[in-house]
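A.B. asks:
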Amino acid sequence: MLLVDIILPGLVLGGMYALIALGLTLQYGVARIMNLSYGESLVAAAFGAFSLYSGLGLSPLAALLLAVPIAMALNWLLYRFLLERLMRRGKDRGAQEIDSILVTFGVLFVIQGAMLVAFGGQYYSYGYLSIPLTIMGSTLAVNRLVALLFAALVGGAVYLSLTRTRIGTAVRAIAVDANAARLVGIDVAALSGLAFAFGGGLVAVGGVLISMFLTFNAAMGVVFTMKALVVVIMGGVGNVIGALVAGLLLGVVETAVARLVDPGLTLAATYALFLGVLVIKPTGLFGRAAS
Amino acid sequence: MLEVAALSHFYGKHQALADIALGVEQGEIVAILGANGAGKSTLLKSIAGLVKPAQGATIRFEGHHIGELPAHLIVERGIALVPEGRGVFGDLTVAENLQLGAYPARARAGEADRLARILRLFPRLAERMAQAVRTMSGGEQQMVAIGRALMSNPLLLLLDEPSLGLSPLLSREVFRALAEIRSSGLSVLLVEQNARASLDIADRVYLIESGRNAGSGPASAMKNDPEVQRAYLGKARAAPSPP
Chain A
1 MLLVDIILPG LVLGGMYALI ALGLTLQYGV ARIMNLSYGE SLVAAAFGAF SLYSGLGLSP
61 LAALLLAVPI AMALNWLLYR FLLERLMRRG KDRGAQEIDS ILVTFGVLFV IQGAMLVAFG
121 GQYYSYGYLS IPLTIMGSTL AVNRLVALLF AALVGGAVYL SLTRTRIGTA VRAIAVDANA
181 ARLVGIDVAA LSGLAFAFGG GLVAVGGVLI SMFLTFNAAM GVVFTMKALV VVIMGGVGNV
241 IGALVAGLLL GVVETAVARL VDPGLTLAAT YALFLGVLVI KPTGLFGRAA S
Chain B
292 MLEVAALSHF YGKHQALADI ALGVEQGEIV AILGANGAGK STLLKSIAGL VKPAQGATIR
352 FEGHHIGELP AHLIVERGIA LVPEGRGVFG DLTVAENLQL GAYPARARAG EADRLARILR
412 LFPRLAERMA QAVRTMSGGE QQMVAIGRAL MSNPLLLLLD EPSLGLSPLL SREVFRALAE
472 IRSSGLSVLL VEQNARASLD IADRVYLIES GRNAGSGPAS AMKNDPEVQR AYLGKARAAP
532 SPP
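Written as structure tokens, this is what we have:
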């Protein structure tokens, strides 16, 4: 059935987008770092999962246990020893943003270069749980459903901890007003570092899950950075629920366009949707009116 | 409990504060009067750790030097600032703002009791716990800001222009709340453009002009000081123009 053919894979793809947009929300919305190397981290995690699977026969789901802590540690170090210092030196928000863009642009090339050396430019994929399954007349590989399930679990857990715990509320408070956050006793620098690290952990989850069903190569990180950025801006910067909804929406729209029109037009559709939202609601679907 | 001496601050080359000295004792309400731009906000921000004082300043609280501490650790010592413009988290709900007020470790014990007390002090907030703060009126946002500061279990409350932009009615409600807060033993350091209301509620007053101490005394005496009446209570024919 055509509708199910679009909705199911659309939700799978959208779930991935929502997950990586959630991570970018933490890095950009909370820690105020526009991380251009975001997509490269995702691809690096995908290569990590690929290597563990093809080399050691380790399942990608087990690889998560390794990839996430490593990604979090690396992101925390990057924030603590490079980005935070630059941010402290920046005179204002604009200068800080330019600094963070320049630094992470450099990090992008470092990660990409390392991956090109190790894996070359060709496309990779591996067959984990690629068992066809028919749901309501539509056929889908089991690995996609597993990826969606994990994305939902991780995304749900992150959402709940951001909205239902004191420390999660503190993280959102930093996104709303970092100066006021200091006044209620929040150690903004420390918690921003933690948020940045968690963002890195989420993009690693995204990379490992995506590697289960998409082909990838060392040079395609920028596509994921752009899509995560589009989703974050569409949902409203710093808005958790906005990132989740916009991610799912984008996945379904892209799949619909690929299925009904032409797969070559997915990126065009992404930007049409993005521009449409920006024209109608410049602060994003769930963003508040500019004050 | 609070002792400030030789406090100076520069914004670039402009000196906002020059050798300020002041003190607040346990259970007092102390008001700071001064014209716009006299440095009153900078003074409160220096105490709260939001701006760094120039070298040589002494800020002691409960006998400890706090001048070098970052803002979040000063809250932990028991000083809560309600900044000018309120500084509430507009996108978060009233409940979340109040919960964040209790973020410091010193505020965790007795949190539920304190929340109940604050909701008795500002009954309006009790009805609106789930509302996003940015959708509320200025007066209600001020109540959230004061309530949030009280949630941190402070010993000293710093208030920067709490009645700015409020209707006279809401202003009165805020001052009534301050009197109640003091009766619970808290000390208050207040910066206010409403000199009359401040003099009525305060125990002692400091005058600040162009970033310098320009006099101090008990509020009852200051109220009758002709200089103060002329400069702050508008009892002359016209407001004096600066020289």
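Chain order of the listed sequences is A and B.
Here the first sequence is numbered in this note's numbering, starting from 1 and rising by one per residue.
Here the second sequence is numbered in this note's numbering, starting from 292 and rising by one per residue.
Each residue gets a CB set at the ideal place from its N, CA and C atoms; glycine is no exception.
(1) Can you give the beta carbon distance from residue 469 of chain B to residue 433 of chain B, rounded, assuming they're within the 8 Å contact cut?
(2) Residues bridged to residue 451 of chain B by DSSP?
(3) If we define contact as Cβ-Cβ less than 8 Å, is residue 21 of chain A a contact residue for chain B?
(4) Listed from N- to C-terminal order along the chain, which residues in the segment 352-364 of chain B have their beta-carbon within a distance smaller than 9 Å of any beta-carbon of chain A?
(5) Listing by chain order, which chain B residues have their CB less than 7 Å from the CB of residue 177 of chain A?
(6) Return the chain-ordered list of same chain residues with a C-beta closer than 7 Å to the C-beta of residue 501 of chain B, the five sequence neighbours on each side being excluded.
(7) In whole angstroms, give me the CA-to-CA distance for residue 43 of chain A and residue 354 of chain B.
(8) Should residue 403 of chain B go down as buried or exposed, given a rule of 16 or more other Cβ atoms within 10 Å for buried?
(9) Reducing DSSP to helix, strand and coil, say where residue 529 of chain B ends up.
(10) Return the first residue and the last residue of the beta strand (DSSP E) that residue 504 of chain B is part of.
(11) For residue 238 of chain A, collect the residues of the same chain with a Cβ closer than 6 Å to its Cβ; drop the 5 residues on either side in sequence, then sort them by chain order.
(12) If residue 257 of chain A sits next to residue 148 of chain A, beta carbons under 8 Å apart, how far is it from one beta carbon to the other, in whole angstroms?
(13) Pairs of beta-carbons, one from the segment 72-84 of chain A and one from the segment 187-199 of chain A, closer than 8 Å: are there three or more?
(14) Assuming the contact rule is C-beta atoms closer than 8 Å, residue 215 of chain A and residue 159 of chain A should be a hit. Round their C-beta distance to whole Å, please.
(15) Just curious, the alpha helix (DSSP H) that residue 352 of chain B is in, first and last residue?
(16) Note down, in chain order, every chain A residue with its Cβ under 8 Å from the Cβ of residue 443 of chain B.
(17) Express the C-alpha separation of residue 17 of chain A and residue 162 of chain A in angstroms, rounding to a whole number.
(18) Under a three-way DSSP split, which group does residue 419 of chain B fall into?
(19) I'd like to know if residue 80 of chain A contacts chain B, where contact means its C-beta is closer than 8 Å to some C-beta of that chain.
(20) Assuming the contact rule is C-beta atoms closer than 8 Å, residue 1 of chain A and residue 192 of chain A should be a hit. Round their C-beta distance to whole Å, please.
(21) Between which two residues does the beta strand (DSSP E) containing residue 282 of chain A stretch?
(22) Whose Cβ in chain A lies nearer than 7 Å to the Cβ of residue 439 of chain B?
(23) Between which two residues does the alpha helix (DSSP H) carrying residue 337 of chain B extend?
(24) Using the beta-carbon of each residue, which ones in chain A are nearer than 8 Å to residue 390 of chain B?
(25) Just to confirm, are residue 10 of chain A and residue 247 of chain A a CB contact at a threshold of 8 Å?
(26) Which residues in the same chain have their Cβ closer than 6 Å to the Cβ of residue 437 of chain B, if we skip the five residues on either side of it in sequence?
(27) With a threshold of 8 Å between beta carbons, is residue 342 of chain B in contact with chain A?
(28) How long is the line joining the alpha carbons of residue 530 of chain B and residue 521 of chain B, rounded to whole angstroms?
(29) Using a Cβ-Cβ cutoff of less than 6 Å, which residues in the same chain neighbour residue 31 of chain A once the five nearest sequence positions on both sides are dropped?
(30) Looking at the unbroken alpha helix (DSSP H) that takes in residue 516 of chain B, where does it start and where does it end?
(31) Kindly list, in the order they appear in chain B, the residues whose Cβ is closer than 9 Å to that of residue 93 of chain A.
(32) Could you check what DSSP says for residue 367 of chain B in three-state terms: helix, strand or coil?
(33) From this set, A:208, A:115, A:36, which residue's C-alpha is nearest residue 223 of chain A's C-alpha?
(34) Could you please give the first and the last residue of the uninterrupted alpha helix (DSSP H) stretch that includes residue 169 of chain A?
(35) Assign residue 253 of chain A to buried or exposed, taking buried as 16 or more other Cβ atoms, counted over all protein chains shown, within 10 Å of its Cβ.
(36) By alpha-carbon positions, which one of B:480, B:475, B:466, B:506 ends up nearest to residue 487 of chain B?
C.D. replies: If we stick to the structure as given:
(1) Looking up residue 469 of chain B in the second sequence gives position 178. Looking up residue 433 of chain B in the second sequence gives position 142. Wrong, their Cβ atoms sit about 11 Å apart, outside the cutoff.
(2) Locating residue 451 of chain B in the second sequence gives position 160, where the first residue counts as 1. Beta-bridge pairing links residue 451 of chain B to B:482.
(3) Indexing the first sequence from 1 puts residue 21 of chain A at position 21. It does not: the Cβ of residue 21 of chain A has no partner Cβ on chain B nearer than 8 Å.
(4) Those would be 361, 362, 363, 364, in chain order.
(5) Reading the first sequence from its first residue, position 177 is the one you call residue 177 of chain A. Near residue 177 of chain A (Cβ distances below 7 Å), the residues of chain B are 378, 380.
(6) Taking the first residue of the second sequence as 1, we reach residue 501 of chain B at position 210. These residues qualify, in order along the chain: 329.
(7) For this step, residue 43 of chain A is matched to residue 43 along the first sequence. For this step, residue 354 of chain B is matched to residue 63 along the second sequence. Each residue's alpha carbon lies about 55 Å from the other.
(8) Here the question's residue 403 of chain B lines up with position 112 in the second sequence. Residue 403 of chain B comes out exposed.
(9) As a working note, residue 529 of chain B is residue 238 in the second sequence. Model confidence at residue 529 of chain B stands at a pLDDT of 48, short of 50, so the residue's coordinates are unreliable and nothing is read from them.
(10) Within the second sequence, residue 504 of chain B is the residue found at index 213, counting from 1. Residue 504 of chain B -> beta strand (DSSP E) spans 503-509.
(11) Here residue 238 of chain A is taken as the residue at index 238 of the first sequence, counted from 1. The answer, listed in chain order, is 29, 175.
(12) Within the first sequence, the letter at position 257 stands for residue 257 of chain A. Within the first sequence, the letter at position 148 stands for residue 148 of chain A. That pair is no contact at about 20 Å.
(13) Three or more Cβ pairs closer than 8 Å define a contact, and the segment 72-84 of chain A meets that threshold against the segment 187-199 of chain A.
(14) For the purposes of this step, residue 215 of chain A is taken as residue 215 along the first sequence, with counting starting at 1. For the purposes of this step, residue 159 of chain A is taken as residue 159 along the first sequence, with counting starting at 1. With a Cβ gap of about 30 Å, residue 215 of chain A and residue 159 of chain A do not count as contacting.
(15) In the second sequence, counting from the first residue as 1, residue 352 of chain B sits at position 61. Looking at the DSSP string, residue 352 of chain B is not in any alpha helix (DSSP H); the run it does join, the beta strand (DSSP E), is 349-352.
(16) Reading the second sequence from its first residue, position 152 is the one you call residue 443 of chain B. From the beta-carbon of residue 443 of chain B, the residues of chain A found nearer than 8 Å are 184, 185.
(17) Against the first sequence, residue 162 of chain A aligns to sequence position 162. Against the first sequence, residue 17 of chain A aligns to sequence position 17. Roughly 18 Å between the two C-alpha positions.
(18) Within the second sequence, numbered from 1, the residue matching residue 419 of chain B stands at position 128. The three-state reading of DSSP puts residue 419 of chain B in coil, since its state is none of H, G, I, E or B.
(19) Locating residue 80 of chain A in the first sequence gives position 80, where the first residue counts as 1. Cβ-Cβ to chain B under 8 Å: no for residue 80 of chain A.
(20) As a first step, residue 1 of chain A must be located in the first sequence, where it is residue number 1. As a first step, residue 192 of chain A must be located in the first sequence, where it is residue number 192. Not quite, the Cβ-Cβ distance comes to about 47 Å (not below 8 Å), so this is no contact.
(21) Mapped onto the first sequence, residue 282 of chain A falls at position 282. From DSSP, residue 282 of chain A is part of no beta strand (DSSP E); its letter is neither H nor E.
(22) What you label residue 439 of chain B is simply residue 148 of the second sequence in a count that begins at 1. Neighbours of residue 439 of chain B on chain A, chain order: 184.
(23) If you number the second sequence from 1, residue 337 of chain B lands on position 46. Element bounds for residue 337 of chain B: 331-339.
(24) Residue 390 of chain B sits at position 99 when you count from the first residue of the second sequence. Near residue 390 of chain B (Cβ distances below 8 Å), the residues of chain A are 166, 169.
(25) Your numbering for residue 10 of chain A matches position 10 in the first sequence. Your numbering for residue 247 of chain A matches position 247 in the first sequence. Their beta carbons are not under 8 Å apart, which means residue 10 of chain A does not touch residue 247 of chain A by this criterion.
(26) To locate residue 437 of chain B, count along the second sequence from 1; it is residue 146. Within the same chain, residue 437 of chain B has close Cβ partners 373.
(27) Position 51 of the second sequence, counting from 1, holds the residue named residue 342 of chain B. Not an interface residue.
(28) The residue labelled residue 530 of chain B in the question sits at position 239 within the second sequence. The residue labelled residue 521 of chain B in the question sits at position 230 within the second sequence. Note on residue 530 of chain B: pLDDT 48, under 50, position unreliable in the model; the coordinate value appears next. Whole-angstrom Cα-Cα distance: 8 Å.
(29) For the purposes of this step, residue 31 of chain A is identified with residue 31 of the first sequence, where counting begins at 1. Cβ neighbours of residue 31 of chain A beyond the five flanking positions: 192, 195, 196.
(30) Locating residue 516 of chain B in the second sequence gives position 225, where the first residue counts as 1. Run containing residue 516 of chain B: none; DSSP gives neither H nor E here.
(31) Numbered from its first residue, the first sequence carries residue 93 of chain A at position 93. Within 9 Å Cβ-Cβ: nothing; residue 93 of chain A doesn't reach chain B, min ~17 Å.
(32) In the second sequence, residue 367 of chain B corresponds to position 76, counting from 1. Reduced to three states, the DSSP call for residue 367 of chain B is helix.
(33) Along the first sequence, read from residue 1 onward, the residue named residue 223 of chain A stands at position 223. Looking at the Cα atoms, A:36 is the closest of the given residues.
(34) Numbered from 1 along the first sequence, position 169 holds the residue referred to as residue 169 of chain A. Here the alpha helix (DSSP H) through residue 169 of chain A covers 166-176.
(35) The residue you call residue 253 of chain A lines up with position 253 of the first sequence. So residue 253 of chain A ends up on the buried side.
(36) By one-based count along the second sequence, residue 487 of chain B stands at place 196. Taking only the C-alpha atoms, the option nearest residue 487 of chain B is B:466.
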